[in-house]
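Student: Could you have a look at this structure, given as C-alpha cells, before my questions?
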Amino acid sequence: MRKTTLAVTSALTLLSLPSFAAPYAADARSHGMGNTGVVSADYLTAPLHNPALGALYRENDDIGLLIPAFGVNIHDEDDALSTVDDVQDLYDSIQGLPTPADEAAMNRLLDQLDSSMPIVINGGLTFAIAIPTRFMSMNLFSAGYVEILAAPDISDATNTAERYLNSAVNLAAFGSAEYGVSLSRTYTLGGQTVAFGLTPKYQQLKTYTQRTTLDDFDIEDYDKSEVSKNAFNMDVGIAWYHEAFRAGLSVKDVFKQDIKTKLGSYTYELTPQATVGIGYVSNYVALSLDADLTTQKRFKELDDDTQFVRIGIEGDAWGWAQLRAGYEIDLENNLDNSVTGGIGISPFDVVSLDLAGSYAGDNQFGAAANLAFTF
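Residue numbers (mature numbering (1 follows the signal peptide of the UniProt record, and there is no 0)): -21 to -1, 1 to 354.
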C-alpha cells in the first residue's frame, strides 16, 4: 500500500510540472523555418500542417514519397541524463565497497540530481505518399509522436549506498499514432483561387506513468503502466493564393479526445488546434508567419497550455539547395522561445534531403531530418 501511495503521489508531482511540449510535426523543412507550415508546407507534407496544401503542386509533380521525416527535441536544462549515467557507473564500479572519496563523489552527483529540472524528450516520425492531380490530390500518411518526462526523486538517507538505492525517477509519457488519407482540391470562387483539404484519420492514443529506482532507470523504459485508446478524428484546412502570396487556416483534431493516466487519475486532452498563416512562397524565397488561434490543451488538471506564434524564412538556390531560419514563441510562457535553422539539398529536383536544428538554451535543443523523392 505504501508503495502504491508513493507512486501515485510521485505521478501527481511529476505531472504538475509545466514541462510538457505540444505535439509537433516531424518535418525538417518546417522545423528549420520555426515550425511554420500552414501556408509554406509543400504538397508532400501537407497532412502535417494544412491538408489544403496538397492541391498546391507544380505541373511536373506526379508522385512524392516521404520516407521518412524524423524529429526529436530534448529539454535537459541541468544535463540530468549525463548525471544519471555517471552515478550509475560510479555505483557499479565501487561494487559495494566505497572509499570516502567515492562516497563524496556519489553524494555530489545525487545532490546535482536533487536540484535538477525535469528531463523532457519528444520525438516524431512520419511517412507519406502523395499523388497530386487536378481532379483530387491524395496523400496517404502515417505519423507517430511520443513525449517523455522524467524527474529524479532523491532520497535524504544519510548512508550513501542507501541514499542511492532508495532514490527514484518518476516517469510520465504521452504517445500517439495516426494513419490517414488527406484529400484536397482547388476551386475558383468569386475570381479567387482557393484550395480546400480534408484529412480523416485513425488515432491510437497512449499515456504512461511509472516510478522506477535510480539504479534501474533507463529513459527507453517509458512504456510501462500503459493506458490506450483508439479514436477517429479529422483535420480540415483552407488556403488562398494569388501568384506568390498565400493565406490559410488549418484546424487539427476537429473531434476532441481525452485519455486518463493509470496513476494519479489525470486526463490528457487532445483538443482542436486552429492555426492561421500568411506568407509569400516563390521559386527563390519563402516567408511564413503562423499564429495559433487556440491554446493547445494537454493535462486537464494542470496549467500546461501552449499557444505559439512562429515565423520562418527560406532561400532557394535554383531548386538545388535551400537555407532556412525561424523563431518560435509560446504566448503562454510554459516553453522557452526557440531559434531554428536548416538546410536542404535537392539535386535534379528528384531527391530531397532536409536537415534542421533548434536551440532554446542550455541543453535544450532539437533536430530533424527528411528524405523525400519526387517524380
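Ideal Cβ placement from N, Cα and C applies to all residues, glycine included.
Computed from a predicted model, the values in this text were never measured in an experiment.
#1: Please classify M12 as buried or exposed, where buried requires at least 16 other C-beta atoms within 10 Å of its C-beta.
#2: Does the contact criterion of 3 or more C-beta pairs under 8 Å hold for the stretch 214 to 234 versus the stretch 246 to 257?
#3: Going residue by residue through the stretch 228 to 316, where are the continuous alpha helix (DSSP H) segments of at least 4 residues, counting only ones entirely within it?
#4: Which residue comes first and which comes last in the alpha helix (DSSP H) that contains L88?
#5: Relative to the C-alpha of A140, which residue among D237, Q67, Q343 and N29 is closest?
#6: Do you know how far the Cα of A109 is from the Cα of V173?
#7: Going by C-alpha distance, which of F211, L35 and A59 is nearest G159?
#8: How is the alpha helix (DSSP H) around S9 delimited, first residue to last?
#9: Exposed or buried, which one is A1 when buried takes at least 16 other CB atoms within 10 Å?
#10: Whole angstroms is fine: what's the gap from L266's alpha carbon to E293's?
#11: Within 10 angstroms of the Cβ of P79, are there 16 or more other Cβ atoms? Answer buried if so, exposed if not.
#12: For V99, is the classification buried or exposed, using 16 other Cβ atoms within 10 angstroms of its Cβ as the cut-off for buried?
#13: Could you check whether the stretch 6 to 21 touches the stretch 333 to 351, counting it as contact only if at least three pairs of C-beta atoms, one from each stretch, sit closer than 8 Å?
#14: Based on Cα-Cα distance, which residue from N316, R277 and G291 lies nearest to V260?
#15: Only counting the same chain, and skipping five residues up and downstream in sequence, which positions put a Cβ closer than 8 Å to that of D237?
#16: Using a 10 Å radius around the Cβ and a threshold of 16 neighbouring Cβ atoms, would you call Y143 buried or exposed?
#17: According to DSSP, simplified to helix, strand and coil, what is Y22?
#18: I324 and L302 - do their beta-carbons sit closer together than 8 Å?
#19: Between P30 and E38, what straight-line distance do the alpha-carbon atoms span, to the nearest angstrom?
#20: Between the Cα of I217 and those of A4, D6, V18 and A7, spot the shortest distance and give me the residue it belongs to.
#21: What first and last residue would you give for the alpha helix (DSSP H) that runs through I73?
#22: Put R190 into one of helix, strand or coil per three-state DSSP.
#23: Would you grab the beta carbon distance between F287 and I308 for me? Rounded to a whole angstrom, and I think it's under 8 Å.
#24: Is G103 near A5, with beta carbons less than 8 Å apart?
#25: Suppose you measure from the CA of N342 to the CA of L60; what does that come to, to the nearest Å?
#26: Could you tell me the distance, in whole angstroms, from the CA atom of Q182 to the CA atom of V125?
Tutor: Quick look at the numbers:
#1: Around the C-beta of M12, 16 or more other C-beta atoms lie within 10 Å, and the residue is accordingly described as buried.
#2: yes
#3: none
#4: P79 to D93
#5: The residue among D237, Q67, Q343 and N29 with its C-alpha nearest the C-alpha of A140 is Q67.
#6: 20 Å
#7: F211
#8: A7 to G11
#9: Residue placement at A1 cannot be trusted, given a pLDDT of 46 that sits under 50; what the coordinates show is reported in the next sentence. The residue in question, A1, is buried, as its Cβ has 16 or more Cβ neighbours within 10 Å.
#10: Between L266 and E293, the C-alpha separation is close to 7 Å.
#11: exposed
#12: buried
#13: yes
#14: G291
#15: Exclusion of the five residues before and after D237 leaves T246, Y247, E248, L249 and K279 as the residues of its chain whose Cβ lies within less than 8 Å of its Cβ.
#16: buried
#17: coil
#18: Remark: C-beta atoms of L302 and I324 do not approach each other more closely than 8 Å.
#19: 19 Å
#20: V18
#21: A59 to I73
#22: strand
#23: 7 Å
#24: yes
#25: 10 Å
#26: 13 Å
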